Amino acid sequence: MAHFISPTDGSATGVGGLPHTDPARAVDDVLAAFPEVPYAPGLPNRGPFEQIVWNDARTLPGLEVIEGRLVVDLGADHAEAMEAVYLDFVEGNAAAYGPAAETYAGLLDLVSRDLPSAVLVKAQVTGPVTFGMQVVDTDKRPILYDEAYADLLGKMLALRARAVEERLAATGVPETLVVLNEPYWASLG
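Residues in the sequence shown are numbered from 6 upward in steps of one, following the numbering used here.
This is how it looks when you write it as structure tokens:
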């Protein structure tokens with residue numbers, strides 16, 4: 006549940022991806038550098054599904070990969086799958102939105118570790134603006150401009166954030182932090 010986190014007395018943490026392809030080595034390096042506030046490293050060099058947007062895309066209704074791009078055919082009927090996301094959101098059912106080994110290897114390795122020095126553990130998920138600008142329809146128009154998908158993205162990614170936070174909380178570290186990765190905000194003004 007959301008609440009203000011306690012100050013960490015100036016402890017540092019990291020942000021985003023590392024060049025590693027081995028999750029264990031990446032997490033070893035994170036823990037060596039940031040033992041009090043470790044973070045779940047993204048590992049984009051493992052493949053496209055570990056990259057920002059792609060790693061949070063598997064539960065998007067109607068998703069296809071076409072010529073290396075994430076695409077949704079807005080002309081197709083995705084009502085049932087979209088309704089399932091809305092129901093999950095209303096019911097608080099985040100289980101289906103949890104991180105998978107092929108998309109969040111760094112996170113899954115981190116949460117499997119004993120973190121005795123940690124006072125806070127951190128991860129990130131793609132924010133809805135960045136997600137919606139990177140996934141396109143069949144006319145190559147960002148789905149953020151589709152009213153139904155723009156609304157859906159916030160709910161789907163909130164479920165992802167909740168599932169990630171639940172995994173972090175299971176480590177027993179006193180505080181958890183899930184941030185939205187929103188590099189596209191910089192281009193909006």
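Quick reminder that beta carbons are idealized off the backbone N, C-alpha and C, glycines included. Because the structure is a prediction, the values reported are computed rather than measured.
Worksheet entry | Proximity to D14 [Cα-Cα], best of S192, G132, V124, D156 | As a working note, residue 14 is residue 9 in the sequence shown. When only C-alpha atoms are compared, the closest one is V124.
Practice prompt. On a CA-only basis, which of R74, A153, D34 is nearest M58? Give me that one, please.
Written response: As a working note, residue 58 is residue 53 in the sequence shown. According to the sequence shown, residue 58 is Val rather than Met. Checking every option, the nearest Cα to that of V58 belongs to R74.
Worksheet item: Looking only at C-alpha atoms, which of S192, E187, L182, A153 sits nearest to F9?
Response: Along the sequence shown, one-based indexing puts residue 9 at 4. Closest option to F9, Cα to Cα, is L182.
Discussion item. Suppose contacts are defined by Cβ-Cβ distances below 8 Å. Is P46 in contact with V35 by that definition?
Written reply: Start at 1 with the first residue of the sequence shown, and residue 46 comes out as number 41. Start at 1 with the first residue of the sequence shown, and residue 35 comes out as number 30. It is a contact, given that the beta carbons lie within the stated cut-off.
Fill in: Which of helix, strand or coil DSSP assigns to Q129
Your numbering for residue 129 matches position 124 in the sequence shown. It is a strand residue.
Worksheet item: For D82, which option in D93, V95, F94, L68 has the closest C-alpha, if you only look at C-alpha atoms?
Response: Residue mapping note: residue 82 aligns to position 77 of the sequence shown, counting from 1. Nearest option by C-alpha distance: L68.
Worksheet item: For G137, which three-state DSSP category applies?
Response: What you label residue 137 is simply residue 132 of the sequence shown in a count that begins at 1. Helix at G137.
Discussion item. Using only the alpha-carbon positions, how far apart do V90 and R172 sit?
Written reply: Translated into positions along the sequence shown, residue 90 becomes position 85. Translated into positions along the sequence shown, residue 172 becomes position 167. If you take the alpha carbons of V90 and R172, they lie about 20 Å apart.
Discussion item. Are the CB atoms of N98 and G132 within a distance shorter than 8 Å?
Written reply: In the sequence shown, counting from the first residue as 1, residue 132 sits at position 127. In the sequence shown, counting from the first residue as 1, residue 98 sits at position 93. No, the pair does not count as a contact, with Cβ atoms beyond the cut-off.
Worksheet entry | In chain order, each alpha helix (DSSP H) run of at least 4 residues that lies wholly inside the segment 91-131 | 110-116
Fill in: Beta-carbon separation (whole angstroms), N60 vs T135, contact threshold 8 Å
Position 55 of the sequence shown holds residue 60. Position 130 of the sequence shown holds residue 135. That pair is no contact at about 12 Å.
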